[in-house]
Each structure stands twice: as C-alpha cells, then as structure tokens.
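So the mapping is simple: the numbering used here equals the position in the sequence shown, first residue as 1, plus 156.
Below is one structure; the comments refer to it alone.
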Amino acid sequence: MDPIILTVALVAAIGLVGAIILVVASRALAVEVDERLPEIVAILPGANCGSCGYPGCEGYAKAMLDGAAVNACGPGGAEVARKLASCLGVEAGETVVRRAIVACRGAADRKLITVDRANYEGAPSCRVFSTMGHISDSCTNGCIGFGDCVAACPFDAIALNENDVAVVDPEICTGCGLCTTICPRHLISLQEKGHHDRVSFVLCHSVLVGKKAKEACANTCLGCHKCEKVCPVACITVENNVAHIDVEQCISCGACIEACPAGAINPLVWVE
Numbered sequence: 157m158d159p160i161i162l163t164v165a166l167v168a169a170i171g172l173v174g175a176i177i178l179v180v181a182s183r184a185l186a187v188e189v190d191e192r193l194p195e196i197v198a199i200l201p202g203a204n205c206g207s208c209g210y211p212g213c214e215g216y217a218k219a220m221l222d223g224a225a226v227n228a229c230g231p232g233g234a235e236v237a238r239k240l241a242s243c244l245g246v247e248a249g250e251t252v253v254r255r256a257i258v259a260c261r262g263a264a265d266r267k268l269i270t271v272d273r274a275n276y277e278g279a280p281s282c283r284v285f286s287t288m289g290h291i292s293d294s295c296t297n298g299c300i301g302f303g304d305c306v307a308a309c310p311f312d313a314i315a316l317n318e319n320d321v322a323v324v325d326p327e328i329c330t331g332c333g334l335c336t337t338i339c340p341r342h343l344i345s346l347q348e349k350g351h352h353d354r355v356s357f358v359l360c361h362s363v364l365v366g367k368k369a370k371e372a373c374a375n376t377c378l379g380c381h382k383c384e385k386v387c388p389v390a391c392i393t394v395e396n397n398v399a400h401i402d403v404e405q406c407i408s409c410g411a412c413i414e415a416c417p418a419g420a421i422n423p424l425v426w427v428e
C-alpha cells in the first residue's frame, strides 16, 4: 500500500476513535442543567453582591434549585422573592428588609478634614488613608470621606455630603452590604427593620472624651450618659465613651434625641 495513503488512513482512524471517545465521555460525564436556571438568573437583579450568602446571582439560583429559600436576595426584595416563588412553585416567605447606615454625621469644622486631609498626599482612598493619614488630636473613628463606599455601591445609593461624609439614600439602598466590607473604620452597618418604622440611632463612633471629642467634631457623641438616663426602656448603654442603642428594643419615643446635647442621635426612618 502506498505509504501516503496508509498515513492518511491511520490519521483518519485515530481521529475517528478520538471522536468516539469524546462523544462517549461527554455523555457519561455530562452534568444535567435545570432548564429553569436561566429563567431564575434573569429574575435576580444581577448585582452579584453576595448578600444572599452565595457566590453571585447564578450561585444563588443554583442553590434555590437545590431547595434554598427564595427570600434571601436583599436587592430584589419582596417583589423578586414572589417571582422566584412563582417560578419554583414554592412559598415566598417573609422578606427581611435591610438598609445600610453610616454611623458618622461629621461636621464642617471637624479636624479630620481641615487638618488630616489637608496634610495628606497619598492616594485618594479611605483604606490607604486609614493606615497613614491621621494625627493624634483628630477623630480617628469618623468617616474619612474619600468615597470608597461610594465607588463600591452598585446602585448609586451612597454619596458624599457637603462635609465629605458618606450618606446612604434609604430609598435607593437595597441592603446588599457591599459597602459594609469596604469601610476601613467599620462605620457602615446593615440594620434590619423591626416592629417600628422609626428608631433612634447613634451617628458616631468616636471614642474621644468630652472636650477632646468636641474639639475634633461638633457632632460627636460626648459619652455623657444623658441619653442612657432618659431612655424609658433601658435600651441605651454607653461603652468606651460612645452611646449604643439596641434598635430591637427601641420604642421610638425620641427622648434620647432630645436629650443629646451634641445632636449625635438621629432617627432612622424606614423607607420601602
């Protein structure tokens, strides 16, 4: 037989055998994909924020096909939960409403801006600044104001106000929680809606005492215990010179807001 023809025949035979092996392997090792997966992914908002506890929207979609609850998507809320329940033929359940809040109100004359940032020459990043930008007599617990959280929010729910303090728009915030992991000073937290549409919240994390605290920021918590003394349900405690309110126990009476001499306590109003 002609060597050329023999070579071509051998190559063709090897290719045929390889193709057969690939076909058999693909069928034997194939992973069945639920036809509902694309539909479920399309229902989800696509933020891939991870607030549901799964790696992205597709990861959550696969988990739901395996029986995970359909009401874990914070950005989607109750509406998405209802659509998912309808698609999967299950009960939607109650959706927990969460919103991010920044525990700092700042002030126009706070030293963090007028001194620290004026002398700072590094990258405009809160995380970088927090490692090298503070001085001894400034508030080292307040909002730095470079906007790392603003850049991280996929819904444009955070902006810097006139004092370069991050502020969350409750009407836009979906409670995804991405901003809470970005802030180097851990000022941003997710708060769950309880029994009341309005609770009191301390917008300060400063641990400076009295005069030093006031000199650093006009809106600082002084740790004076006045709010703690007037609370009728004893849901306020002062620890490390900062007042803390148990929002689950708060009855929204507003007594602490009126008693605070620095205006550090503000109402947290729920918007859905």
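Backbone N, C-alpha and C fix where the C-beta goes; we use that ideal spot for every residue, glycine too.
Just list the residues that DSSP pairs residue i with in beta bridges.
i, result
"Q347", "R255"
"P354", "Contrary to the premise, residue 354 reads as Arg rather than Pro in this sequence. The partner list for R354 (beta bridge, DSSP) reads V425."
"I314", "V324"
"E371", "Partner(s): none; E371 has no beta bridge."
"V386", "DSSP, once it has assigned bridges, lists no residue as partnering V386."
"V394", "A399"
What whole-angstrom Cβ distance do residue i and residue j have, given they're in contact under 8 Å?
i, j, result
"R254", "Q347", "7 Å"
"R261", "A420", "7 Å"
"C332", "S207", "5 Å"
For residue i, I'd like the list of residues in its chain whose CB is within less than 7 Å of its CB, leaving aside the five on either flank, ordered along the chain.
i, result
"V363", "N297, N396, N397, V398"
"P215", "According to the sequence displayed, residue 215 carries Gly and not Pro. Cβ within range, chain order: n/a, list empty."
"V386", "A411, C412, A415"
Got a sec? Which residues, its chain only, sit under 6 Å from residue i by beta carbon, not counting five neighbours each side?
i, result
"G303", "L316"
"P340", "C282, R283, S286"
"C360", "T376, C377, A420"
"T330", "G230, P231, F311"
"I338", "D304, C305, A308"
"G278", "V284"
Start and end of the beta strand (DSSP E) containing residue i?
i, result
"E235", "Careful: E235 lies outside any beta strand (DSSP E), inside the alpha helix (DSSP H) at 233-244."
"E250", "Where E250 is concerned, there is no enclosing beta strand (DSSP E), given that its DSSP letter is neither H nor E."
"V398", "398-401"
Compute the minimum distance between the beta carbon of residue i and the heavy atoms of the ligand SAM, and state whether it is under 6 Å.
i, result
"E384", "What this structure holds is no ligand at all, so the ligand SAM is not there to describe."
Note down, in chain order, each residue of its chain lying with its Cβ closer than 8 Å to the Cβ of residue i, except the 5 sequence neighbours on either side.
i, result
"I328", "F311, D312, A313"
"P417", "L378, C380, K382"
"R354", "S408, P423, L424, V425, W426"
"P388", "I407, C409, A411"
Which residues bound the alpha helix (DSSP H) around residue i?
i, result
"T337", "334-338"
"C406", "C406 -> no alpha helix (DSSP H), and no H or E assigned at all."
"E214", "212-221"
"F285", "282-288"
"D304", "304-308"
"P417", "Unbroken run through P417: none, as it is neither H nor E."
Inset, instruction - Taking 8 Å as the threshold, find out whether the stretch 189-203 comes into contact with the stretch 230-238 through three or more Cβ pairs. - result: A contact exists between the stretch 189-203 and the stretch 230-238.
Inset, instruction - Check whether the stretch 364-376 touches the stretch 403-417, taking contact to mean three or more Cβ pairs, one atom from each stretch, closer than 8 Å. - result: No, they do not touch.
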